[in-house]
Every structure is written in structure tokens, then in C-alpha cells.
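Taking it in order: structure first as C-alpha cells, then the write-up.
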Amino acid sequence: MQRALSQVSRAVASKTALPVLANILLSTEEGRLRIAATNLEIGITTWISAAVEDEGKITVDARLLAEFVNTLPNAPVELSVEPSRSVLTVRSGRDKAGINGIDAEDFPVIPSLDGETDAFSASVDPQQLRDMIAHVEFAAATDDSRPVLAGVLTRFEENQLTLATCDGFRLAIRKGALSESLPERFETIVPARAMREMARLIGDATEPVQLAITQSRNQLLARIGETEFLSRLIEGMFPDVMQIVPKETATRVEVGREAFVNAVRRASYFARDNNDVVRIQVNPGEDELMPGTIEVSATAAERGNSQSFVDAAITGAKDQVAFNSRYLTDVLAVVRHGDIMLGLNGPNQAGMVRYANAEPDDSYTYVIMPMVTSG
Amino acid sequence: MPIRLLDERVIGKIAAGEVIERPASALKELVENSLDAGATTISVAIQKGGSGLIEVVDDGAGIPAAELPLALQRHATSKLTEWDDLHRLASLGFRGEALPSIAAVSDFSVRSRTADASVGTELDVVYGVARPPRPVAAVTGTRVTVRDLFGNVPARRRFLRQAGTETAIMVRNIAAYALARPDVAFSVTVDDRRSFATDGRGDEVAAAVAIWGTEVGPAAIRLPELDESAAVPGVTATGWIGLPEVTRSHRNSLLFFVNGRWVQNRPLLFALEEAYHSLVMVGRHPVGVIRIALDPAMVDVNVHPTKAEVKFVDERSVARAVSRAAHRALSTARPNEVPEVHLGDTTLREPGMENRPISLRPSTPGQRAWGASPLGDGTGFGPRPFEPKDGAVTGLPVPAVRSGATVVPEPEADPAVPARPVPVLRVLGQVNGTYIIAEGPDGMFMIDQHAAHERVMYERILSEMQGRRIDRQPFLDPMIVELTHQQYGAFERSTAELEAIGFQIDPFGPQTVAIRAMPAMMRGVNIGERLRLILDELAEGGTGESWLDAVAISAACHTSIRAGQALSLAEMRELVAQLEQTEQPRACGHGRPTMLHLSQGELEKQFARR
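Chains A and B are the protein sequences, given in the same order. FYI, the numbering for the first sequence is 0 to 374, going by numbering that gives the first Met the number 0. FYI, the numbering for the second sequence is 0 to 609, going by numbering that gives the first Met the number 0.
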């Protein structure tokens, strides 16, 4: 019950005009206890096994219940609600609490996955989904200039799932396999914040995650083991991301992840005071046997400057380009294995980051618009 | 009608009309004569706006009896003998038209005695008709009395303004001479009441205090001598300017003298005000007296008969000299950067929290212009008299103003407070999502987070522009923004300026633009929405000395942290640290204050600890 409460409480509204949203719903359902919470953005429902003596339901303050339960000894807990009174009585051994609640009828209805009325559904490997979300969520917009950009484009097509985010300056696309092929193509936009919550809920789960769109086509439902996750969707048109991905790159650099990450990080400390500008100078080797180098540098007028040189396998011309260091460190934090492929197209065209030993389907692509610096 | 020569009186009247257009011009000529005669005391009396009486009494060299009749003939002057002299002129008058012109249109009388004469001579001229000179008892010097000016030119009289207006013009003119020549004691009497009197001891700030009021004294900062790298060859600017706290709604208290002559020259005004730019609220003007010395051959004073306008051979270098000196003065001589808050004495005794206004009073009267004192007046406990020994008052030090004493203030020598614009502050928290509360070496500071960040952004924009290294972050995919008609108009007017500060915006259909790149420093804001706000402000005219500046100020304002935005402690510390780095941390680009100070002394007083 402790674990269920802490999972569900992620969806409890912290500041709300509707007091009932600060509560969690407890109800008996087919011999189990259903625990649910929603802040109208997302909703989380979970079921735990229970010995139901009488049917009943109530909502109580989420924090108070969780805090009380957390300190109880590890023993069965007895919950009871007296008919016609909105008080939840919690008993465990010699401890007892009466928590004043709000009638369950006031709680918003949280749709549940039923497999029949859903407009659409698919299933995907949980760890793959979690990894996919991690690869894209950071590139979603954090301001509200274009609401669709605060979301993750989620596309189901045949046996493939594609997630994409773009905040106007950079773009992340990650593709992954679905457990089974789908009859129709489907596309929607899920808030990036909800995606992050979903990834957290997935945790170490091993059972496939069932994804579905509700009949009204305005909510995403995900079943993760005994828990269901619900999110509203963002309406609107997502930019045509494939259009933005450069078709080819003039300079292709393969570089060791560790060395490159550290070089960028060192430069970013100096770039902080200079609009986060980090310069990357690509120097190909003199012949095919000689490795090339990339120089990562940053200058802050007041603080000083740094240069780091990293050996790299370079094909293509010498090039120099400036990037916002955050856009690089963000992606380098999620690319966790192997070498990195850096594709550059000069100082004014979008550059690209991929895994060097990419699978044939280019499962991950990260596109960054360089900065234009004068002088 | 046969052609004939005009008779002398008609010529006189015509000439007088050119030289003497209003009482102030007559007075000006007389005072300049007195100064040219080496007077150390000049007394001026005015009645009925000058139409009744203008009298100038000096203790100068006087006019020898034999030369007195000649002085009243046209083109008689002691200051110029040949054409070439005109360009090397160091005296104020030269054409020799003044006295005869005045005498042609008034009941005129001049009495004069030289030091070596035993008696004086008096000569009356009534509307151009001279009476014979006669010996009189007189002190050394000259007294000119002009009555009933334009009595014989009714048309001219009708064109004069109200007596009060004519008087104001005359008093302002004499004030200018008094400021130009602090070594001469001027006194002005209007309708038998003293208007002002300077002491003639040579201190220019003391002269200004006598004319403009005591608040000017402590605010005056001298223009420093520029070192060789900054100096403009051939031009020196000296004098003093006021701190930004002392401002006026007009420019009458900002005077320029070129080689001792008061001039009105807009480029010079702009060069000076530019140095105050963003320190002084829009519509307010600084005070000051700036003397410019340059080779007389480099300036043409004979542009206009009243000599109020001048032409410089190299106007830009003169403006540069003024601007550099002012910048240097303002950046080095600021005694205390933060306006201080005083709580009204009676606040603690009045019941009812909401009816208990806290009177926020900046530490000098002039700072009220900042609007920091909305409740300071009319609440019954407005500004209290200044108490110099009161430890609470750590605002601008106000030394007692003594005539003749140098009253230029020096920064308080408090070893505990290092002489930096913003003291080291420890951020305590945030009030109302808008104000950062911090502890400093002397009490408490309240910082307006929006104004503070706006100042930081504004200086960053300026420094990037000056360094010609603007970092732009282009979009992968342009951001399309629809504008109103007014916004689009402002956009069309500002395209080049927006580009100069780091935007790249193209027209994109009717009343729609595509933002292709934004200034890298503005990362993290909803730039489409902010652009609309920037254009709204610009559509209303903007604020700034140039359009580029207006665009920069507006962009800084609308892309900075807003009021009501909750900040973490770390963010507040960062903001305060950035503010400390700015050159002018006290005011945002629009001139609003960034911080207020509640001193330790004031806190102790309010809590009745002493």
C-alpha cells in the first residue's frame, strides 16, 4: 500500500482550486482496492489486492494518508468508511486514525483501459520505451510559445513507434519497435512532462506496456503492470520533423563519447558567461592513416578561455561551428554507450548527433541549429 | 517720391529693432558691457517686465567723460578695430550697436566715472535725442538706466509678452552670466524684490546654489580633467554637472558656455544628456554648468544677432569632449548608489495596518523624481528635515552649504563599506514574487527583480553591440508570429535595429513575421509573445536617446524576469551578482530604480532602540 500511495501521489495536484484534486480516491473494485489520483493533466490509477468485506469509496488528503501509512509497522491495514459519513478510518495493530475526506462522487472520472472501446492500442517493451523517452524528452520546449512543442510527437506506424521533440532550436527523434504490427497509422502529441512521469512509473517493469488512446481521442492511457497512467493530449500540428533532419552531412566526425563529453563540459564552464557558446573546430588528419582532431573551445571575456583537443575519425572537410553548450551536454548525457557521430554542415546549417555504430534504421537522431557568432 | 537718405533718428530706430528685440536683449547688452568693463559687482533692477525700468549698475572701469557721447553713436566700440579682430574675439560685445540702439527706443540715461576722474559724467538720451553731458557726483563704474523701453515703438511693445514672461527671460539670462562669471557678484532685483544674489567669490557651485537652490550643492560633481588618451585635442570641457538624483522638468538649469559665452546648442545638450541616459527618468533633465574652451577661430559666434547660437567648425569633437567628461564624472563620482528608505515617524502609532502607509522617502529631495515616494507627501509625515549627524541617513551626504565654500561632496569614508556601487548583499528571500530582500553591510536592501534584470540585460545588449559580437541563435524552423497593425508598423520601422541587437526577423505575409534567429542571451523566454510586447512599446514611441537605444531598452525590458515570477534562492543570488557587475546598477533602462535601502540606523530608530 505504501508503494501504491507513493506511485499515485505523483499525480496529486499540489496547488489547486479544486480541493478534491489534492485527495486520492480509494475504492473497492472486484475484490481489489483501487487507488487513484489526478491533477487533470495526468492521472494515475493502481490496484492492490485486498480482502474486501464491504464495498465502499472515499477520497482523502493524499499527503496525510501517505504520511500516516508510511510510519505504520509492516502489517495489514484495515480501512473502513462509515456509510453517510466522509471519514476514513485506518487501523493497523494498535494504531488508528480517522481522516476526514470528501465524497468520492466529487472525484473526476478516470477512464480505464478496457481493450474494446479504445480508439487505438499498441504494446511496447517497457525498458525500450523508457529509454526512448529519455532520449527525447529534454529537447521539448519549456516555454509556452508553441504549445505543441512542449509535447512529444508520438507516432505509431506498422511495427514502429517514433517519439520526437523539438524546441525550435534542436530536434530529437527516436525510433523503436512495437511488439506487434498495427493495421493503421496513428499520431498524437503527449505533453513532455507526462512522458517523464510515465517513464518514472515504468521503472524496472518487465511486462510490455500497453498504450491506448481513449475513445474521445483526447487522452493517452498506458498500462504498466497493475498501474494505469492517463495523460491529456496536446492538440495541434507538430512541425514536419523529418523535413528538418539534414539529408546528408558535409563533415562526419566519429569521436569517443567519454573524451568528447568531458571536452564539452570543460568548455561549458567558460561558456556560461558568454551565452553558452562552445566552438568546435574540426581538423581532419593529413592522410587516411592519421586521425584528425576536434578542438572544443570557449571564451568568456571576463573569466578566461579553454581549449580541449580530442582525437577523432573525420571524413569530409575542415569545419568550424558554434553550438549552445547546453544543447550538447543535454544529448551527451543520454547517449550512454559507444562512440558518437557528429555530422556538421558548416556554421549556418543544422548539425547532427547520432550513435556512431547506428542501427540501419537510424534509431536516434539529434539535430542542433548552430549559433551565429560575429567576431 | 524722391530718393533721399533717411534721417539719423529713423536709422537709429530701424537698427534698434534689429539689435533690441525685447527687454531681455537690452539688458543683455548692458550686462555684457559691464562685464567687458571689468566689473566685479553688477546689480540689476527690473520693473514691469523691463518696460518700466531696466537698470544696470557696475563697478567697472567706467567711460571717460570725453568718450561718453561717442559711446552713444552707432558702430562705436572699444572692442574691435578691424575685421580680422572679429575672429579672435574674446570680449562679449563687439558691434558697437548696443547703447545707441537702446537709447533710440527709450528714455535712456548713462552715468559713469573712471577711477582717475574726480567726477562722473551723466548723459541723457530721450528716444534717440541726446542731451548735453553734465558732470555729476558718482562712484567709479557705470550706471545705465533705461525707462519706458519701446515707448516710441508701440508696434514693438504690442509684441512683448506678459511682464512676468519677459522678467523670467531676463532673470534667466542674468543667471547665466552669474554662472559664467562666479567671480562677479551679481544681484537681481525684480519689482523691488530680491531675485537672487551671488557672492562673487569665484566658486561656481556656490553661484549655482544661490540661483537654483541648496539641493544643487551636494549633487554637484566636477567634470574631471581627461587624461591624454581620452582628451579631445583643442577642446576642454570644465565646470560641473549634477548627480542624476537632482533633475528638472526643463533644460533651463543646464547651461553651456563656449569661451565664456552662454550658448544654446542642441548637439551639446544631447551629448550631455546621453551620459545620463537611463539614469534619469524620461522627461527629466539634469542640471549643470559646462564650460567649453577652444580656439576662438574654431567657433563662429556671429551667426545670430543675439549671439545665442554658435557654429562650431568641428561640432562632433566638441560634443565628444562634453560627453566624455560627463561620462567620466558620473562613473567616478557617485557618493552612494542606493536611494534610501525612511519610515515615517508616526507609522507605529496609527492603528489599522492597511491605513498605515509607510512613507518611502529617498534620501535626497531630487530622488523623488524616481517615484520611490508615492506616499511621501500629503500623508502628514513626508520628508523630514535633514539631520546630518543622524546615522540613519547614509544616502547622499549633504554638507552644509556655505557661501564660497566648495560643496562638491566626497564619498563617505566609511571603512566598513567598500566604495562600490552595490554593496555585497546576502539574499534573504522574495516578497510578493517581485522584490528580493537582501542584507547588506548597513541594513536591508530591497531589489526590484524585474528592474534589476532589465538593467543586466540592457547592459549585456549594449556591451555585445559595442564589442560587435552579437551571438544569435537561429531557429531550426522559423517562428511565425502574427502582429497587429500597430505592431507591424513598429516592426517595419525597427527592422534594422532589431537586427543590430541580434534578431533576424523577416516579413512573412500580411502583418505576419518569421523570427529566424533571436539574440542568444534571450534564451528561455517565449520570444514570440515578447516580440509583440517589444513592438507594442515601440509603437507607442519607445524610450531612449536613439531608436536603436529604444529598441534595446524595450527588448531588455520585455525579455527579463518579470514581476510575480517566483525565483529560487540560487536564481536571486545570481541576479544580484549580475547586478553588481553592471556599470549603473541603480536604475533600469527606463530609469526606474532597481533597489531601495533601509539602513541599520533607520531600523534601530523605528524599533525604538535609540
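From the three backbone atoms N, C-alpha and C, an ideal C-beta is built for every residue, glycine too.
Check your understanding: Whole-angstrom Cβ separation of T226/A and T44/A, contact assumed at under 8 Å?
Key -> Within the first sequence, residue 226/A is the residue found at index 227, counting from 1. Within the first sequence, residue 44/A is the residue found at index 45, counting from 1. Beta-carbon to beta-carbon, T226/A and T44/A are separated by about 7 Å, close enough to satisfy the 8 Å threshold.
Review point. Using CA coordinates, which residue listed in L24/A, T328/A, E52/A, D318/A is at the minimum distance from L60/A?
Key: Taking the first residue of the first sequence as position 1, residue 60/A is located at position 61. Note that residue 60/A is Asp in the sequence shown, not Leu. Nearest of L24/A, T328/A, E52/A, D318/A to D60/A, Cα basis: L24/A.
Review point. Just to confirm, are I552/B and G588/B a CB contact at a threshold of 7 Å?
Key: In the second sequence, residue 552/B corresponds to position 553, counting from 1. In the second sequence, residue 588/B corresponds to position 589, counting from 1. With contacts defined by Cβ atoms closer than 7 Å, I552/B and G588/B form a contacting pair.
Check your understanding: Taking Cβ-Cβ distances shorter than 7 Å, what residues in chain B pair up with R302/A?
Key -> Residue numbering aside, residue 302/A sits at position 303 when the first sequence is read from its first letter. Those do not exist, as R302/A stays about 12 Å from chain B at its closest Cβ, beyond 7 Å.
**Study point:** Residues near N22/A in its chain [Cβ-Cβ closer than 8 Å; skip 5 each side]
**Key:** In the first sequence, the residue the question calls residue 22/A occupies position 23. Hits under 8 Å: V11, A36, T58, V59, D60, A61, G100, I101, F106.
Review point. Near S307/A, what residues of its chain come up, given a Cβ to Cβ distance below 8 Å and the 5 sequence neighbours on each side ignored?
Key: By one-based count along the first sequence, residue 307/A stands at place 308. Cβ neighbours of S307/A beyond the five flanking positions: N261, A262, R265, A266, E294, V295, S296.
Check your understanding: Looking at P125/A and A204/A, is the spacing between their C-beta atoms short of 7 Å?
Key -> For the purposes of this step, residue 204/A is identified with residue 205 of the first sequence, where counting begins at 1. For the purposes of this step, residue 125/A is identified with residue 126 of the first sequence, where counting begins at 1. It is a contact, given that the beta carbons lie within the stated cut-off.
Review point. Going along the chain, which unbroken runs of the alpha helix (DSSP H) with 4 or more residues stay wholly within the region 475-541 of chain B?
Key: 484-499, 526-538
Review point. What is the rounded straight-line gap between the Cα of M368/A and the Cα of R169/A?
Key: For the purposes of this step, residue 368/A is taken as residue 369 along the first sequence, with counting starting at 1. For the purposes of this step, residue 169/A is taken as residue 170 along the first sequence, with counting starting at 1. So the two alpha carbons sit approximately 6 Å from each other.
Review point. Can you list the alpha helix (DSSP H) stretches of 4 or more residues lying completely in the region 121-162 of chain A, in chain order?
Key: Fully enclosed alpha helix (DSSP H) runs of 4 or longer: 125-135.
Check your understanding: Along the chain, which unbroken stretches of the alpha helix (DSSP H) at least 4 residues long are found entirely within the region 124-157 of chain B?
Key -> none
Exercise for review: Report yes or no: do three or more beta-carbon pairs, one from the region 102-112 of chain B and one from the region 143-150 of chain B, lie closer than 8 Å?
Suggested key: yes
**Study point:** Interface partners of M520/B on chain A, CB under 9 Å
**Key:** Taking the second sequence and counting its residues from 1, the one referred to as residue 520/B is at position 521. By Cβ distance, chain A contributes N274.
Review point. Does the beta carbon of A346/A sit closer than 7 Å to a beta carbon anywhere in chain B?
Key: Against the first sequence, residue 346/A aligns to sequence position 347. Correcting the residue type first, residue 346/A is Pro in the shown sequence and not Ala. No, its Cβ sits nowhere closer than 7 Å to a Cβ of chain B.
Practice item. Please confirm if D505/B has its CB atom under 7 Å from at least one CB of chain A. Key: Along the second sequence, one-based indexing puts residue 505/B at 506. No, D505/B does not count as interfacial toward chain A.
Point to revise | Sequence-distant residues of its chain with Cβ nearer than 6 Å to A114/B (five each side left out) | key: Position 115 of the second sequence, counted from the first residue, corresponds to residue 114/B. Here the set comprises T139.
Exercise for review: Closer than 8 Å by beta-carbon distance: list the chain A residues that pair up with N431/B, in chain order.
Suggested key: By 1-based counting over the second sequence, the position of residue 431/B is 432. In chain order: nothing, as chain A lies at least about 17 Å away.
Review point. Given a limit of 8 Å on CB to CB distance, which residues of the region 152-171 of chain A reach chain B?
Key: Residues of the region 152-171 of chain A that bring their beta carbon within less than 8 Å of a beta carbon in chain B comprise C165, G167, F168, R169, L170, in sequence order.
Point to revise | Inside the region 285-356 of chain A only - beta strand (DSSP E) runs reaching at least 3 residues | key: 291-299, 303-315, 318-323, 338-343, 350-354
**Study point:** Per DSSP, the bridge partner or partners of S111/B
**Key:** The sequence position of residue 111/B within the second sequence is 112, counting from 1. Per DSSP, T120/B, T141/B.
**Study point:** Cα-Cα separation between A565/B and A451/B, rounded to whole angstroms
**Key:** Along the second sequence, one-based indexing puts residue 565/B at 566. Along the second sequence, one-based indexing puts residue 451/B at 452. Rounded to the nearest whole angstrom, the CA to CA distance from A565/B to A451/B is 15 Å.
Practice item. Give every residue of the same chain whose Cβ lies closer than 6 Å to the Cβ of V262/B, excluding the five residues on either side of it in the sequence, and list them in chain order. Key: Along the second sequence, one-based indexing puts residue 262/B at 263. F255, V309.
Check your understanding: Under 7 Å between C-beta atoms, does T372/A make it to chain B?
Key -> The residue given as residue 372/A occupies position 373 in the first sequence. Chain B, which has a Cβ nearer than 7 Å to the Cβ of T372/A, makes this yes.
**Study point:** Under 8 Å (Cβ pairs) to chain A, residues found in the region 472-483 of chain B
**Key:** Of all residues in the region 472-483 of chain B, the ones placed with a Cβ closer than 8 Å to any Cβ belonging to chain A are Q472, P473, F474, L475, D476, M478, in chain order.
Exercise for review: List the residues of chain A that V524/B touches, going by C-beta distances under 7 Å, in chain order.
Suggested key: Residue mapping note: residue 524/B aligns to position 525 of the second sequence, counting from 1. Neighbours of V524/B on chain A, chain order: D142.
**Study point:** Cα-Cα separation, S178/A to I223/A
**Key:** Within the first sequence, numbered from 1, the residue matching residue 178/A stands at position 179. Within the first sequence, numbered from 1, the residue matching residue 223/A stands at position 224. Using only the alpha carbons, I get a separation of about 15 Å.
Review point. Counting pairs of Cβ atoms below 8 Å between the region 514-525 of chain B and the region 463-474 of chain B, do you hit three or more?
Key: Touching, yes.
Practice item. Find the residues of chain B that neighbour V51/A, judging by a C-beta separation of less than 7 Å, and give them in chain order. Key: Here the question's residue 51/A lines up with position 52 in the first sequence. Ordered by position in chain B, no residue passes the 7 Å Cβ test against V51/A, which lies about 44 Å from the chain.
Exercise for review: State the DSSP-derived secondary structure class of M594/B, mapped to helix, strand or coil.
Suggested key: Taking the second sequence and counting its residues from 1, one reaches residue 594/B at position 595. Looking at M594/B - three-state DSSP - the assignment turns out to be strand.
Practice item. Return yes when the Cβ of D318/A is within less than 7 Å of the Cβ of L454/A, no when it is not. Key: Outside the shown range of chain A (0 to 374) lies residue 454/A, about which nothing can therefore be said.
Exercise for review: Can you pull the chain A residues whose beta carbon is under 9 Å from the beta carbon of D535/B, in chain order?
Suggested key: In the second sequence, counting from the first residue as 1, residue 535/B sits at position 536. Close to D535/B, with beta-carbon spacing below 9 Å, lies no residue of chain A; the smallest spacing is near 17 Å.
Check your understanding: When the distance is taken between beta carbons, is L232/A closer than 7 Å to T187/A?
Key -> Taking the first sequence and counting its residues from 1, the one referred to as residue 187/A is at position 188. Taking the first sequence and counting its residues from 1, the one referred to as residue 232/A is at position 233. Result yes, Cβ atoms of T187/A and L232/A sit closer than 7 Å.
Review point. Taking all protein chains shown into account, do 16 or more other C-beta atoms lie within 10 angstroms of the C-beta of I47/A, making it buried, or fewer, making it exposed?
Key: Residue mapping note: residue 47/A aligns to position 48 of the first sequence, counting from 1. It is exposed - the Cβ of I47/A has fewer than 16 other Cβ atoms within 10 Å.
Review point. Does the region 122-138 of chain B come close enough to the region 161-177 of chain B to have 3 or more Cβ pairs within less than 8 Å?
Key: no
Point to revise | Any chain A beta carbon closer than 7 Å to D470/B | key: Here residue 470/B refers to the residue found at position 471 of the second sequence. Judged by the 7 Å Cβ criterion, D470/B is in contact with chain A.
**Study point:** Delimiting residues of the beta strand (DSSP E) encompassing K174/A
**Key:** What you label residue 174/A is simply residue 175 of the first sequence in a count that begins at 1. Taken as a continuous stretch (DSSP letters only), the beta strand (DSSP E) holding K174/A covers 169-176.
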